[in-house]
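Quick note on the working numbering: the sequence shown kicks off at 2 and runs consecutively. What follows is a single structure, written as structure tokens, with notes after it.
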Amino acid sequence: VIAVYAVNRLGAVCNLVHPLSTRQELEYCVKLTDSRLILAFDQNAKLCEGLGAKIICCDTTTYFPKSPKGFVLRYGYKFLNRKIAKSAEAKAWTAVFAAGKQYLKEGGSLPEDTMTAEDTAAVMYTGGTTGDPKGVVLSNAAVNASTSEMILEKLDNAPHIGYAFLSVLPVFHAFGLSIVIHAPLSGGMRCILMPNFDTKKCAKTILQEKIEIIAGVPAMFERMYPLLKDADLSFIKHMVSGGDKVSPEMVARYNAIMNTQFLPGYGLTEACGACLLTKLGYDEFPEGCVGRPLRKNTLCLVEPGTTKVVTDAGEGELCIRGPMLMDGYYKNPEATADVMRLHDDGLVWLHTGDVVTLDEEQNVIFKSRYKRMLKVNGYNVYPTIIENVMEKCPAIAEVCAVGMPWKNGDTRVKLFVTLADKNADEAAAVAEIKEYALSQMNRWHQPKVIRVIEKLPMTKMNKVDYKLLETLE
């Protein structure tokens, strides 16, 4: 969190990459942006070597408390991670920090702050159909607009100084950076930072710290409900969900145990993480509702894949305009032009790729993904990326990745494959495929089920019929 603000203050751009990225993914992101410096934790500093950028390594134990408990945690961490290879290229963060303090002590000064609203604040990544992620360019103005609109819309200028905000979503996601970190800090709140989501720890923290504002993804709230349902939650002022649609049943369950209402929203990286939010005061939550546009945002519906506006009450692809939209995809004008389209009204609209309808109250009702994107534990997972990686596995001839229903309304990846060696032992081949997947992809992309079939079904257009595969056991 500190590094994001420090980099911005120096006039540089944050290239925010998932810490569980594979070497291949990391190399792509570093080379795409010509990154000159990598800030990494000790667990993945070795992975960053040989990429043409300087490395600063943050020892995780530096952030453990200076107490007997912290000593035990530090010893345990180092013991459990004793086999992690150290980076010979990396400089220790503590040494760099000490050198910086000495530089200022000797009369050195920081560069003049020349950043403007139009300058790029960060590059974040979203999947692409070609297999390579797309770098979403977000300006300072866009991030600040997303933050201010959420504060105004959500809190409506109510007193919120000192509120505790549960910050568990990662900063390398737009929702996490804009709404879960920048918004509360800009609004004078306290960010209760958690490095990753753990059901028991998060529920315990909510109760112990009396968290007033919680923003997360549906799967997170589903898992915490059994641990919160019998507790006194009168201290919660706002509970916001994004990243996927929410069931009316879960909304009703939380509304029954709080003095406020559960508010589903909608956003995407290209819009700084949030652009729609359900209004407080609804009587009955409509299934699939993701809210109304935040202030200064407008929307329209078009026939999917076109710029023809839907004028009746039918379904359409959601398009958005507002101050928090991205500048485009970095070094990818073709992909930018595909989603940032000029309409007949003379304005440029962001095409979200999601099919929705509007109800009588003008709430947006989410229907389906226009694209094949999956939501795995709240993370965007793209089957095409999985397929492009796994088709390189020596044991595989053909591959198709689809989503499969999982616990608490979540999704996991199912892999359909045909074997390169038709006479191979199936169990041994599946084991080899699993091992390959583990070595090449992060855990959200890992197939939960691998099914070997004789031949992938094809459509009349000679494309793999992934919709048919989604229906198979």
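Note that CB positions come from ideal geometry on N, CA and C, so glycine has one too.
Integer-rounded CB distance, given that residue j should sit under 8 angstroms from residue i
i: His-352; j: Val-340; result: 5 angstroms
i: Val-252; j: Tyr-267; result: 15 angstroms between Cβ atoms; not a contact.
i: Lys-205; j: Phe-236; result: Not confirmed; about 14 angstroms, so no contact.
i: Val-18; j: Leu-27; result: 6 angstroms
i: Arg-322; j: Leu-302; result: Their Cβ separation, rounded to whole angstroms, is 13 angstroms, which puts Arg-322 and Leu-302 out of contact at 8 angstroms.
i: Asp-355; j: Leu-319; result: 5 angstroms
i: Leu-416; j: Val-450; result: 7 angstroms
i: Ala-143; j: Leu-359; result: Contact doesn't hold; Cβ gap of about 25 angstroms is too wide.
i: Val-377; j: Thr-412; result: 6 angstroms
i: Val-172; j: Met-195; result: At roughly 12 angstroms, the Cβ-Cβ gap does not stay under 8 angstroms, so Val-172 and Met-195 are not in contact.
i: Tyr-78; j: Thr-61; result: 6 angstroms
i: Leu-278; j: Leu-264; result: 6 angstroms
Residues that DSSP places opposite residue i in a beta bridge
i: Glu-399; result: Thr-419
i: Val-349; result: Leu-343
i: Leu-38; result: Lys-55
i: Cys-290; result: Ile-366
i: Ala-143; result: According to DSSP, which records beta bridges pairwise, Ala-143 is partnered with nothing at all.
i: Cys-15; result: Ala-123
i: Pro-406; result: Thr-412
i: Ser-242; result: Gly-217 and Pro-265
i: Tyr-330; result: Val-137
i: Lys-92; result: Ile-57
i: Met-380; result: It is worth fixing the name first, because residue 380 is Tyr in this sequence and not Met. DSSP lists Val-377 as partners of Tyr-380.
i: Gly-317; result: Val-357
i: Ile-193; result: Leu-167
i: Met-459; result: Val-465
i: Val-450; result: Lys-415
i: Val-390; result: Paired residue(s): none; Val-390 is not in a bridge.
i: Val-310; result: Val-303
i: Leu-278; result: Gly-266 and Arg-293
Local conformation of residue i per DSSP, three classes
i: Cys-30; result: helix
i: Cys-273; result: coil
i: Thr-115; result: coil
i: Asp-466; result: coil
i: Ser-168; result: strand
i: Arg-476; result: Within the shown structure, residues of the chain are numbered from 2 to 474, placing residue 476 beyond reach of any answer.
i: Cys-301; result: strand
i: Met-151; result: helix
i: Thr-130; result: Because Thr-130 carries a pLDDT of 37, less than 50, the predicted location of this residue cannot be relied on, and no value is offered for it.
i: Pro-66; result: coil
i: Lys-202; result: helix
i: Asn-9; result: helix
i: Arg-444; result: helix
i: Arg-322; result: strand
Sub-8 angstroms separation of residue i and residue j beta-carbons
i: Asp-479; j: Pro-219; result: There is no way to answer for residue 479, as the model of the chain reaches only from 2 to 474.
i: Ser-242; j: Gly-217; result: yes
i: Val-137; j: Val-14; result: no
i: Ile-214; j: Lys-230; result: no
i: Ile-57; j: Val-97; result: yes
i: Ala-146; j: Pro-324; result: yes
i: Gly-289; j: Lys-393; result: no
i: Met-221; j: Gly-379; result: yes
i: Val-414; j: Val-431; result: no
i: Gly-404; j: Glu-471; result: yes
i: Lys-297; j: Glu-119; result: no
i: Ala-336; j: Lys-135; result: yes
i: Ile-207; j: Gly-189; result: no
i: Asn-389; j: Leu-21; result: no
i: Met-391; j: Ala-438; result: yes
i: Gly-317; j: Val-357; result: yes
i: Ala-100; j: Asn-9; result: no
Of the listed residues the options, nearest to residue i (C-alpha basis)
i: Cys-59; options: Cys-30, Val-247, Ala-4 and Leu-194; result: Ala-4
i: Cys-49; options: Ala-86, Thr-63 and Arg-75; result: Ala-86
i: Leu-178; options: Tyr-64, Leu-139, Ser-110 and Met-221; result: Leu-139
i: Lys-456; options: Glu-113, Thr-61 and Tyr-467; result: Tyr-467
i: Ala-93; options: Thr-63, Asp-114 and Ser-68; result: Thr-63
i: Tyr-255; options: Ala-430, Arg-191 and Pro-227; result: Pro-227
i: Tyr-331; options: Tyr-29, Val-144 and Ile-397; result: Tyr-29
i: Ala-396; options: Val-357, Gln-363, Ala-402 and Glu-436; result: Glu-436
i: Gln-447; options: Ile-434, Ile-454 and Gly-188; result: Ile-434
i: Ala-257; options: Thr-279, Leu-278, Asp-233 and Ala-272; result: Asp-233
i: Ala-338; options: Arg-75, Asp-313 and Thr-308; result: Thr-308
i: Ala-165; options: Ala-175, Ser-110, Trp-407 and Val-181; result: Val-181
i: Gly-282; options: Glu-271, Gln-262 and Trp-445; result: Gln-262
i: Ala-425; options: Gln-441, Ala-398 and Asn-45; result: Ala-398
i: Lys-502; options: Tyr-104, Met-225, Pro-458 and Ile-193; result: It is not possible to answer for residue 502, since the shown part of the chain is limited to 2 through 474.
i: Thr-34; options: Leu-52, Gln-44 and Ser-248; result: Leu-52
i: Arg-24; options: Asn-260, Ala-46 and Lys-408; result: Ala-46
Contact test: residue i Cβ vs the ligand ZN heavy atom, cutoff 7 angstroms
i: Ala-86; result: No copy of the ligand ZN appears in this structure; indeed no ligand is present at all.
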